[in-house]
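Peer 1: Following this note's numbering, the numbering of the sequence shown begins with 12 at its first residue and continues without gaps. Each residue gets a CB set at the ideal place from its N, CA and C atoms; glycine is no exception.
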Amino acid sequence: MEDEPAVPEQTARRSKRARAPVRSADFTRSDKIEDVLEEEREESSDDFQEPRRKFKKSKAAEGASTSAAAARKDGPSLIEVIKGEGKEIPDAVKRWVEHYEKNQKAAMAELLTTLFEACGAKYNLQEEDVDETDVDDVVVALVNIARRGEVEDYQSAKRGFKHLKDNLVHFLDSLVSECQSGPLFDQSLFDKCLDYIIALSCTPPRFYRQMASLMGLQLVTSFINVAKMLGSQREITQRQLNAEKKKSTEGPRVESLTKRLSTTHDKITALEELMRKIFTGLFVHRYRDIDPDIRMSCIESLGVWVLSYPSLFLQDLYLKYLGWTLNDKSAGVRKASILALQNLYEVDDNVPSLNLFTERFYKRMLELADDIDISVSVCAIGLVKQLLRLQLVPDEELGSLYDLLIDDPPEVRRAIGELVYDHLIAQKFNDSQSRSTGSDGDPPAVHISRMLQILKEFSSDPILSSYVIDDVWDYMGAMKDWKCIIRMLLEDNPSTELDDADATSLIRLLFASVRKAVGERIVPATDNRNPHQTKAQKEMIENNRRHITVSMMKAYPQLLRKFMSDKDKVAPLVEIIIHMNLEIYSLKRQEQNFKALLKLIREAFFKHGDKDTLRSCVKAIKFCATESQGELQDFAQNHIKELEDELLIKLKSAIEDVVNGGDEYSLLVNLKRLYELQLSHKVPLDILYQDLVHILQSFRNMDDEVIAFLLLNMFLHVSWCLHSVLSSESVPEASLSSLLSKRDSLLEQLEYFLNNALKIQGDNVHQNQLAYRVCGILADLWCLFKKSKFALTKLEILGFSPDKSFVDKYWKMCEQLLHVSDDAEEDEGNREYIEETNADSVMFGLAKLVATDTVPKERLAPEILSHVEKYGASVGEIVKHLLTALKKKGDISHIILEALKRAYQKYLEVLSAGNEKSRLTKAFQECRDLSVRLAGSYVGVARNKYKAEILNTVKGGINYAFTQAPKHLSFLDGAVLHFVSKLPAPDILEIIRGVERRTENVKTDQDPSGWRPYHTFLDTLREKYLKNDGVNDKVADGKEGASVKRGRGRPRKHHTLQGKRLFDEQSLSEEEDSIDGSDQDAGAEDKQNDDDDEEDAPLIHTLRASKLRSLKVSKDDKRDPKKITDSGRATEELATPKTSGASS
């Protein structure tokens, strides 16, 4: 592009330039306008009026113009029509065209003035100035109007602004349509309008750029509508001409048609030139505008242009902009680009022209399926589906997409589930025939078999299987074909019978599908709210229950008999009954099947000893006893009693075997059965209770798991006894005495095993599951028999309060369990009852004791808080809720201060021991981190609500710091400072004065190093006061902000994005490069939060396996698994932003 002549000095009059036709290849006004604006900035504010002075006309001229306007004005002005309801726009456009045909300059001046007013600028262009005035001068004057703030603010009311834009679009479309028979092709009207629109689109005021871009983009769309109509006329004319030439090569008819064809072609060419002019002058600059709304409107318009006028726009010269904006930093722009591409790929005729584009950008399309914005991710998955339908993406590139099957946002999982169903299960995209007809005609068994191949990848993890099933369930009708699934499970033919892994997966699928059909969630929800069900949904759920019951009724006993010996299969099978309609058993006269089913469930209960099977059996039996009716209910209730009697007999026999020196396994299994049964209802254990106590006292060296379940069953029995006492109107003395005796026996045993567990040190503690159980039972037992709960009642004798030594030992044990390393706990992650024997359960017990005042909070709360920095994330969350609960009960400043003192005391111990500097620094940093975290709980309105509490903490901390000055003065910086920052400026000033008064008669210069923390503290407070914010959310070390995590469920992904220079013929302008900087800044901000996002990653991400990346279903020919790309989602360590901005 050639450089334009330099702009003369502002004082010299600019020469008039000939308005030569502008070539689309080199049209731009941005450089010229920027130069002029730069000169304007150097002038004084008075000079801003200079560009307007030369437009000043005589009164006579003004009067003539006004008279002419008044003479032709029959209604409201154009801008009033645009701002109005919009109904008058067609009539107003017709009147204006008539006026244009009579007086072109006056009409054009009116139109241009209307366009300026649509941009919010009051600038009246006179008809004499239309040809004489330079476009750049007018635009500079408009920019100066914006600088002075004299632009009408349409955006203050969003609804009104949208209405204005819609009417403006309607106006321009009507204008082009009305002018197509004449003014559109006079090479004057629209050329002049485009000059001003393009120039305005390059100005600094954002609102000018927004409105000018809207006008220019809409004009292209309107030009396309006219060009398409002319194109149809040209085709008709060409066919007529060809037909006439077959009759005669010459003649008036041939001559007339030839002339008409040439004229139509010239018009189309002229329109395309106008389109190119707008594209090169406006689009190529504004598609990378700093305003994301402008960028988005550009891409949306380009998508419409390519789709509606492919003869011009369906080529790489224009398509590349859709590919480049896939990397835009704005989610709206990325989404607009994806939606535009979706519309293009839907038209099969466009695909050949998209081959090069697809080859260069399909990898970025795949990456966007894992975009940080959920809506973009869902749209990108839909785009990938289209690419698969057209077979434009190799299957080995899809590995990373399958990771999203277990992603957190359900919208993303559902979208991937639909893709998996269409591509791997229904196999709709196999060949051209399947693309046209689909493969939904395959038998349900075929679909289920393909689903089992997918689930085989997760055979070792039921949780991941549930995620995959949940994703595909809505699209796979075969999952609801209960009879087909049952037939496959009962198949005995060796050639078609399922192998063990497939049978397990199919039973899991059946159980999960049944739960989904009756409205249950099979994967954790993002919120804890119960889903609202409409009347129609409830009716559908009841219909599903009936269908499941009818399908399962006769086959259920057969399924249990076949898979009775396999614990992985029997547990989900047994639990299916709680989702059935038991009334149908009576209606269908299937009582014998019901009774046989209960007997088989009882058999499974005594055949297995794992938690899942036992818990499923107890649920099923209880459900049958409560939900069945009449004779069947009586049978189920009697069945429970028989089961209890049989269990107690087996337990009694197992105890005798142990006493006689036998194996402990039978005792352990029956204790587990009793435990699961007691969790649901009371079991008559009075006779055996003393036997349990006796065996604990006599056999101290039993396996820890046996002892744990002995204590658990004793505790549950005591709890049920207490429940009976509290629910009875009159309580016999014997019952109270028996309860007290049982409770005291249990406490005695717990204290013994607590003392014994304290002997274990270090990470070996986690191997002693008994320690977790003892701590949990003690916390529950102390809460149940809390002394204040029974005070001043007839049952006061039941009240119990542990003495100080007992509480100290309890805390010491809890402290060891809480400090077990995360790795040590992860190693035990697959054990049974892990949720009841981990650090979370220990902290939950401690929090319950403190929150309910069972143990004085002044004793345990400071200890808990002083160690909070050493806890894991989940334990820290429990402490956070405990702190909130304590605040609601009253001032806890003394607890917070005591926690800070204990953390600081550990630092003093390290200091006095003369340890190495690294340990000393670490100890002080731990104290500071604790202060940051505790002060971080006072955010937002909590600062004002708990202002007195914060002040008390600060004052108490200052008092403590000066008790042995200067020895404790570092407490000011390490603990107090972070609470002061939560106070308003007046309070900070008062604290400064109070601290200064403490040293009025003290010679601090005698020990400069000792008093340095004091001076540092004061300097920091003065700085905060001078800034007059007093409510700094972030302290110097930046740790406070880390305590408040983003609520986003998905961790941010990092992708190394390819640059935008994929087409050699395009180079970036200086304007585009300037936007690059802002994009990089945004990327840097995203990068700062990556670590926080990874910490926020939910548990499901830790369960992912690399096998997800190779997930595939073998089709007609098996692919080499080595070709599957490994593009893991949650384990990348490169800190590149997930999406870039408008630039590469």
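On the three-state DSSP scale, how would you describe K891?
Peer 2: Helix, per DSSP.
Peer 1: Give me, in chain order, the residues of the same chain whose beta-carbon lies closer than 7 Å to that of V680; leave out the 5 immediate sequence neighbours on both sides.
Peer 2: G620.
Peer 1: When you compare the CB positions of A281 and F196, do they come within less than 7 Å of one another, or not?
Peer 2: Yes.
Peer 1: Express the C-alpha separation of D623 and E655 in angstroms, rounding to a whole number.
Peer 2: Each residue's Cα considered, the two are about 19 Å apart.
Peer 1: In three-state DSSP terms, what is K797?
Peer 2: If DSSP states are grouped into helix, strand and coil, K797 belongs with the strands.
Peer 1: Between the C-alpha atoms of L781 and K797, what's the straight-line distance to the nearest angstrom?
Peer 2: C-alpha separation (whole angstroms): 24 Å.
Peer 1: Cα separation between S388 and P473?
Peer 2: Distance between the alpha carbons of S388 and P473: 26 Å.
Peer 1: Comparing C-alpha positions only, which one of T269, S992, L521 and S470 sits nearest to D510?
Peer 2: Measuring from the Cα of D510, the nearest candidate turns out to be S470.
Peer 1: Of all the options H110, W731 and L761, which has the alpha carbon lying nearest to the alpha carbon of L721?
Peer 2: Checking every option, the nearest Cα to that of L721 belongs to L761.
Peer 1: Only counting the same chain, and skipping five residues up and downstream in sequence, which positions put a Cβ closer than 8 Å to that of T336?
Peer 2: Excluding sequence neighbours, T336 sits near Y298, R306, I310, V344, R345, A347, S348 and A1153.
Peer 1: Is the CB-CB distance between K132 and V162 below 7 Å?
Peer 2: Going by the sequence as given, residue 132 is Ala instead of Lys. Yes, the pair counts as a contact, with Cβ atoms nearer than the cut-off.
Peer 1: With 16 other CB atoms within 10 Å as the buried threshold, where does R159 fall?
Peer 2: With fewer than 16 Cβ atoms within 10 Å of its Cβ, R159 is classed as exposed.
Peer 1: So, does the region 493 to 504 touch the region 366 to 385, judging by three or more C-beta pairs under 8 Å?
Peer 2: The region 493 to 504 vs the region 366 to 385: no contact.
Peer 1: Buried or exposed: which applies to E143, given that a residue is buried once 16 or more other Cβ atoms fall within 10 Å of its Cβ?
Peer 2: Answer is exposed; the Cβ neighbour count stays below 16.
Peer 1: Buried or exposed: E121, going by 16 or more other Cβ atoms within 10 Å of its Cβ?
Peer 2: Buried, because 16 or more other Cβ atoms sit within 10 Å of the Cβ of E121.
Peer 1: For the alpha helix (DSSP H) that K7 lies in, which residues bound it at each end?
Peer 2: Given a span of 12 to 1155 for the chain in the structure shown, any question on residue 7 remains unanswerable.
Peer 1: Would you kindly check if the distance between the Cβ of P583 and the Cβ of K522 is under 7 Å?
Peer 2: In the sequence as presented, Lys is not what sits at residue 522; that position holds Phe. It is a contact, given that the beta carbons lie within the stated cut-off.
Peer 1: For the pair the region 247 to 260 and the region 191 to 207, tell me if three or more CB-CB distances fall below 8 Å.
Peer 2: The region 247 to 260, when compared against the region 191 to 207, does not touch it at the 8 Å Cβ threshold.
Peer 1: Suppose the cutoff is 6 Å on Cβ atoms and the five residues either side in sequence are ignored; what does the same chain contact list for I1111 look like?
Peer 2: Residue confidence for I1111 is low, a pLDDT of 37 falling below 50, so the modelled location carries little weight and cannot support an answer.
Peer 1: Is F172 helix, strand or coil when you go by DSSP?
Peer 2: It is helical.
Peer 1: Contact check, I1003 vs L962 under 8 Å by CB: the rounded distance?
Peer 2: So it is not a contact: roughly 14 Å between Cβ atoms.
Peer 1: Closest to E283 by CA distance: which of S267, T269, L230 and E266 is it?
Peer 2: Of the listed residues, the one whose Cα sits closest to E283 is L230.
Peer 1: Write down the C-beta distance between E869 and I906 rounded to the nearest angstrom, noting that I regard them as a contact closer than 8 Å.
Peer 2: Yes, they are in contact, since the Cβ atoms of E869 and I906 sit about 7 Å apart, within 8 Å.
Peer 1: Quick check on H434: buried or exposed, where buried means 16 or more other Cβ atoms within 10 Å of its Cβ?
Peer 2: So H434 ends up on the buried side.
Peer 1: Let me know the secondary structure DSSP gives F811 once reduced to three states.
Peer 2: DSSP places F811 in strand when its eight states are reduced to three.
Peer 1: So is P873 buried or exposed if we call it buried at 16+ other beta carbons inside 10 Å?
Peer 2: Result: buried.
Peer 1: With DSSP as the reference, label G1005 as helix, strand or coil.
Peer 2: Residue state, collapsed to three classes: helix.
Peer 1: Can you tell me the Cα-Cα spacing of L571 and W793, whole angstroms?
Peer 2: Whole-angstrom Cα-Cα distance: 43 Å.
Peer 1: Count the other C-beta atoms from every protein chain shown that fall within 10 angstroms of the C-beta of D37, then say buried if there are 16 or more, exposed otherwise.
Peer 2: Reliability of the predicted coordinates at D37 is poor, the pLDDT of 37 falling under 50, and the value obtained from them is presented with this limitation in mind. Burial call: exposed.
Peer 1: At the level of alpha carbons, what is the spacing between Q827 and P867?
Peer 2: Looking at the two C-alpha atoms, the distance is approximately 21 Å.
Peer 1: Alpha carbon to alpha carbon, what distance is there between D327 and V404?
Peer 2: If I take the Cα positions, the gap works out to 19 Å.
Peer 1: Could you give the distance in angstroms between the alpha-carbon of R271 and the alpha-carbon of M240?
Peer 2: In a straight line, the C-alpha of R271 is about 14 Å away from that of M240.
Peer 1: According to DSSP, is C130 part of a helix, a strand, or is it coil?
Peer 2: Residue state, collapsed to three classes: coil.
Peer 1: Which same chain residues end up closer than 8 Å to Y478 when comparing Cβ atoms and leaving out the 5 residues on each side of it in sequence?
Peer 2: So the list reads L416, I417, R424, V534 and I1111, once near-sequence residues are dropped.
Peer 1: Pick out whichever of K288, D791, D819 and A719 has its Cα sitting closest to the Cα of F811.
Peer 2: If we check each option's Cα against that of F811, D791 comes out closest.
Peer 1: Please state whether DSSP places D384 in a helix, a strand or coil.
Peer 2: Coil at D384, not helix or strand.
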